[in-house]
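Here this note's numbering is used: the first residue of the sequence shown is 9, the next is one more, and so on.
Backbone N, C-alpha and C define an ideal beta-carbon position, used for all residues, glycine too.
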Amino acid sequence: MDDVIVVGAGPAGNNTALGLAREGYSVTVIDSRQEIGDKLCTGLIGRECASRFPIDPALVYREPQSARLVAPGAGPLFFETARPQACVVDRVAYVASFAQRARDAGALYLLGERVHRIVSQNQGVTVITGQGSRQARAVVLATGFGSPLVRQAGLGSVSDYVTGVQAVVSTDGADEVEVHLGSDVAPGFFSYLVPTLPGLALVGLLSRKKAQTRLTNFIQKLRQAGKIKEVVNEAATWGIPLRPLKRTYLDRMVVVGDAAGQVKPTTGGGIYYSLLAGEAAAQVLSEALADDDLSSGNLSRYQSRWRDLLAAEIEVGYSARRLYEFLTDQQIGALVKRAAANGFNSELVDASEGTFDWHGKMIAQIMGNPGLGGALRLINPLLARLAHRPDIGTAQPQTTPAYHD
Ligand SMILES: Cc1cc2nc3c(=O)[nH]c(=O)nc-3n(C[C@H](O)[C@H](O)[C@H](O)COP(=O)(O)OP(=O)(O)OC[C@H]3O[C@@H](n4cnc5c(N)ncnc54)[C@H](O)[C@@H]3O)c2cc1C
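This is the structure we're talking about:
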């Protein structure tokens, strides 16, 4: 019997496995994919993430120091930082580097094997896969967005999510990150162009509806503007949770990463939060294994730990996201113009050192800005209040589509 079986070898699962294997526990990681980390993603991580969970410099494609924001009815707004706040990385290799370290510490990886069911008994858990079954003292669900295993366990589904769609395109040397707002490209969300290797870029967007069609239109728009040449890899879609699960632990089980909804609701970025939550899960499980107390009461400390780290950020980010979703194109354009006129973009950049992954401070700054916060309150006083008073935890879970290959 293993000490722990981790289902899912994404950032969340690998970092949990690494923490447990380093403590000397026997860990098996099972993933249905053949290639670790090969999941739809842009690979943007913040400076804090790269410093806390270092990356081999050879895996960094770019370290952008500027971005262009394009909004309806407003000229482009530029953001420039004195030093890079984020980097675009080879996501597959970055995620695989955690798995390699977990292996070096003794973890066993079973790839190309799908877990179908988990049966919990008094003495342990049985994990049933397409190839057989394995037993462990505890199990970690790090299965990403929309996993049926989370529902099977009785933990419900995340109560809100969005679809991400992305394609690889060739460029004539596009150098700058671009973010486009407005209902013609991505109503309530945003679309992006992120240069990666020389001559290549990722083009994508988040949308509640018609994500594929909207991406086709966005690609067309960028092509007409001479920004991109051809689509190199066809568009793929994947779900992104916008709210966390209410409960992320049971007897002998914890849920980590996208499966638990530990994602920034503003941008949909989840690599850093998955790594942090994986670390918290490994710490709590190590202590619980040492005490031989894997009861839900003892594992509830995992939920307290990750919520201490992330919950406030996720809550305020979600409220800001909902507020943004109610703005019209005209209002978005007016706000962007106002920000450009009073130099708020530079102010935001100056104060944003290290906040790539922590948006609460930035949101507070926007709401506190006399021009922007005042205008947002005028536009919709109720929603502006909501941005400060999130009601997380009251929404009913809804069924999410099964996003798995
Ligand atoms: C278009 C798009 C762009 C994104 N861009 C960024 C970005 O730039 N920066 C950022 O920080 N985040 C980004 N994200 C989000 C980020 O990719 C996720 O938050 C992150 O990968 C979550 O890690 P995870 O380990 O929880 O899940 P995943 O990375 O999804 O890993 C889950 C693993 O579990 C496996 N699995 C699932 N079910 C089973 C099963 N039954 N049996 C066995 N294995 C199973 C899967 O094969 C998968 O390997 C993006 C997401 C999308 C959709």
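Residue i: CB within 8 Å of a non-hydrogen atom of ligand 1
| i | result |
| --- | --- |
| residue 49 | yes |
| residue 38 | yes |
| residue 188 | no |
| residue 222 | no |
| residue 52 | yes |
| residue 157 | yes |
| residue 310 | no |
| residue 99 | yes |
| residue 152 | yes |
| residue 246 | yes |
| residue 281 | yes |
| residue 121 | yes |
| residue 351 | no |
| residue 104 | no |
| residue 45 | yes |
| residue 108 | no |
| residue 274 | no |
| residue 140 | no |
| residue 90 | no |
| residue 367 | no |
| residue 316 | no |
| residue 15 | yes |
| residue 19 | yes |
| residue 137 | yes |
| residue 267 | yes |
| residue 93 | no |
| residue 240 | no |
| residue 41 | yes |
Exposed unless 16 or more other CB atoms sit within 10 angstroms - verdict on residue i
| i | result |
| --- | --- |
| residue 124 | exposed |
| residue 204 | buried |
| residue 241 | exposed |
| residue 141 | exposed |
| residue 299 | exposed |
| residue 329 | buried |
| residue 60 | exposed |
| residue 312 | exposed |
| residue 3 | Residue 3 is absent from the model: the chain starts at 9 and stops at 413. |
| residue 287 | buried |
| residue 333 | exposed |
Neighbourhood of residue i by C-beta, 6 Å cutoff - its chain only, sequence neighbours within 5 removed
| i | result |
| --- | --- |
| residue 168 | 250 and 251 |
| residue 36 | 10, 13 and 116 |
| residue 81 | 341 |
| residue 113 | 29 and 30 |
| residue 40 | 122 |
| residue 26 | 106, 109 and 110 |
| residue 363 | 369 and 370 |
| residue 19 | 103, 279, 282 and 283 |
| residue 151 | 15, 16, 157 and 267 |
Other residues of its chain near residue i: CB distance less than 7 Å, five sequence neighbours each side excluded
| i | result |
| --- | --- |
| residue 220 | 173, 243 and 245 |
| residue 190 | 79, 80, 337 and 340 |
| residue 139 | 121 |
| residue 95 | 53, 58, 68, 70 and 71 |
| residue 197 | 170, 213, 214 and 215 |
Residue i (DSSP reduced to helix, strand or coil)
| i | result |
| --- | --- |
| residue 259 | coil |
| residue 306 | helix |
| residue 103 | helix |
| residue 143 | strand |
| residue 226 | helix |
| residue 286 | helix |
| residue 20 | helix |
| residue 366 | coil |
| residue 221 | helix |
| residue 49 | coil |
| residue 193 | coil |
| residue 247 | strand |
| residue 326 | helix |
| residue 236 | strand |
| residue 203 | strand |
| residue 63 | coil |
| residue 281 | helix |
Cutoff 8 Å; reference residue i; Cβ partners in own chain excluding five residues on either side
| i | result |
| --- | --- |
| residue 208 | 176, 177, 178, 179 and 240 |
| residue 399 | Model confidence at residue 399 stands at a pLDDT of 38, short of 50, so the residue's coordinates are unreliable; what they give is reported in the following sentence. Correct list: empty, nothing qualifies. |
| residue 320 | 368 |
| residue 231 | 237 |
| residue 256 | 163, 262, 263, 264, 268, 310, 311 and 314 |
| residue 222 | 173, 193, 194, 199, 213 and 215 |
| residue 226 | 188, 193, 194, 199, 211 and 213 |
CB contact below 9 Å: residue i versus chain C
| i | result |
| --- | --- |
| residue 76 | Of the chains in the structure shown, none is chain C; there is only one protein chain. |
Any contact between the segment 42 to 51 and the segment 91 to 110? By contact I mean 3 or more CB pairs, one from each, below 8 Å. Using a C-beta cut-off of 8 Å, the segment 42 to 51 makes contact with the segment 91 to 110, since at least three inter-stretch Cβ pairs fall below that distance.
Are at least three pairs of beta-carbons, each pair with one atom in the segment 254 to 269 and one in the segment 181 to 190, less than 8 Å apart? Three or more beta-carbon pairs separated by less than 8 Å are not found between the segment 254 to 269 and the segment 181 to 190, which leaves the two stretches without contact.
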